[in-house]
Amino acid sequence: MSQISHPYGYRLVTLRDWKSRWFTSDRRKFRSLLRADTLLREYLEDKLQSSYVSNIEFERDRKATRLILTTSRPGVLIGRSGEGVQKIKSDVMSFMRRHNIETPTDLKIDVVEVANPDADAVHIAQSIAESLRRRLPFRRVIKQALEKTMGARGVKGCRIVVSGLIGGSATMKRREQLKKGSIPLQFIRADIDYAYLPMKGHGIGIKVWIHKGDSLANNKETAS
Numbered sequence: 001m002s003q004i005s006h007p008y009g010y011r012l013v014t015l016r017d018w019k020s021r022w023f024t025s026d027r028r029k030f031r032s033l034l035r036a037d038t039l040l041r042e043y044l045e046d047k048l049q050s051s052y053v054s055n056i057e058f059e060r061d062r063k064a065t066r067l068i069l070t071t072s073r074p075g076v077l078i079g080r081s082g083e084g085v086q087k088i089k090s091d092v093m094s095f096m097r098r099h100n101i102e103t104p105t106d107l108k109i110d111v112v113e114v115a116n117p118d119a120d121a122v123h124i125a126q127s128i129a130e131s132l133r134r135r136l137p138f139r140r141v142i143k144q145a146l147e148k149t150m151g152a153r154g155v156k157g158c159r160i161v162v163s164g165l166i167g168g169s170a171t172m173k174r175r176e177q178l179k180k181g182s183i184p185l186q187f188i189r190a191d192i193d194y195a196y197l198p199m200k201g202h203g204i205g206i207k208v209w210i211h212k213g214d215s216l217a218n219n220k221e222t223a224s
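With the UniProt record's numbering applied, the sequence shown corresponds to residues 1 to 224, in that order.
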């Protein structure tokens, strides 16, 4: 079960919320909105790769669409006097028109800062990818990322897997894995953050699991 269930989907409703939040009873409308969310997510993940965006969420109502971008570098994303957000907004609207996606009358973009970047799986995967693009030794990169994550507040365990054409090889694939602490994938109350990041054009895939403890115990500590 733990090997075939996605750590995020396995904890939906109990610990996680849907990344697209809207409702429609019209089947054609549902199909078009689902297509729009999929295309926009792929476009933004590729466009904002250097901005360390760890999560992209959509909220829709009858007139407005809200795009929520969670990042560890909000200043880079927002830009001077909000120029970055305005540029993203215009690019998104142009992308929707090019792909025959119905444009909303009101598009709002919210930028949310990651509270603890060293305990964010997407941030760690992106930092590993950035180091590998600079041709740094992959074993040292993975080890440093693991130690950095384990030093973050609230982290109980971490597992990092890097596979593909690593180490400068153009033909031989290999798999490197490091793990420290506990990663209870089947324990549904365990707060597991997961990220998979394929490095396009490099033939490398990066997977990161971060265990942040028992969600029920964490909520009790916060309440007290």
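Beta carbons are placed, not taken as given, at the ideal position from N, Cα and C, and that holds for glycine.
- Assignment of beta strand (DSSP E) within the region 161-213, counting only whole runs of 3 or more residues, yields 174-181 and 190-199 in chain order.
- Counting only runs of 3+ residues, the beta strand (DSSP E) found wholly inside the region 77-137 occupies 106-113, in chain order.
- Rounded to whole angstroms, the gap between the alpha carbons of ILE188 and TRP209 is 14 Å.
- Counting only residues of its own chain and dropping the five nearest sequence neighbours on each side, GLU113 has a CB closer than 6 Å to the CB of PRO74.
- Nearest neighbour of THR24 by Cα position, chosen from ARG62, ARG80, ALA115 and ARG134, turns out to be ARG62.
- Assigned with DSSP and collapsed to three states, LEU44 falls in helix.
- Counting only the Cα atoms, ASP193 lies some 12 Å from ALA125.
- C-alpha of ARG175 to C-alpha of SER20: approximately 33 Å in a straight line.
- Assignment of beta-bridge partners to THR70 by DSSP yields ASN55 and VAL112.
- Note on geometry: alpha-carbon atoms of ASP37 and MET96 lie some 10 Å from one another.
- About 10 Å separates the CB atoms of ILE109 and LYS87; that is not less than 8 Å, and the two are not in contact.
- Sequence-distant Cβ neighbours of GLY164 in its own chain, meaning closer than 7 Å and more than five residues away, are LYS173, GLY203, ILE204 and GLY205.
- With a contact defined as Cβ atoms closer than 8 Å, ILE166 and ALA145 miss out at about 14 Å.
- With 16 or more other Cβ atoms from the protein chains shown falling within 10 Å of its own Cβ, TYR52 counts as buried.
- ARG28 carries a helical assignment under DSSP once its states are collapsed to helix, strand and coil.
- Sixteen is the threshold: when 16 or more other Cβ atoms of the shown chains lie within 10 Å of the Cβ of GLY157, as they do, the residue is buried.
- Rounded to whole angstroms, the separation of the alpha carbons of LEU69 and GLY84 is 12 Å.
- Sorting ALA152, LEU185 and ILE142 by C-alpha distance to the C-alpha of TYR10 places LEU185 at the top.
- With contacts defined as CB atoms closer than 9 Å, LEU197 and LYS212 fail to qualify as a contacting pair.
- In this structure, the alpha-carbon of MET150 lies about 8 Å from that of LYS180.
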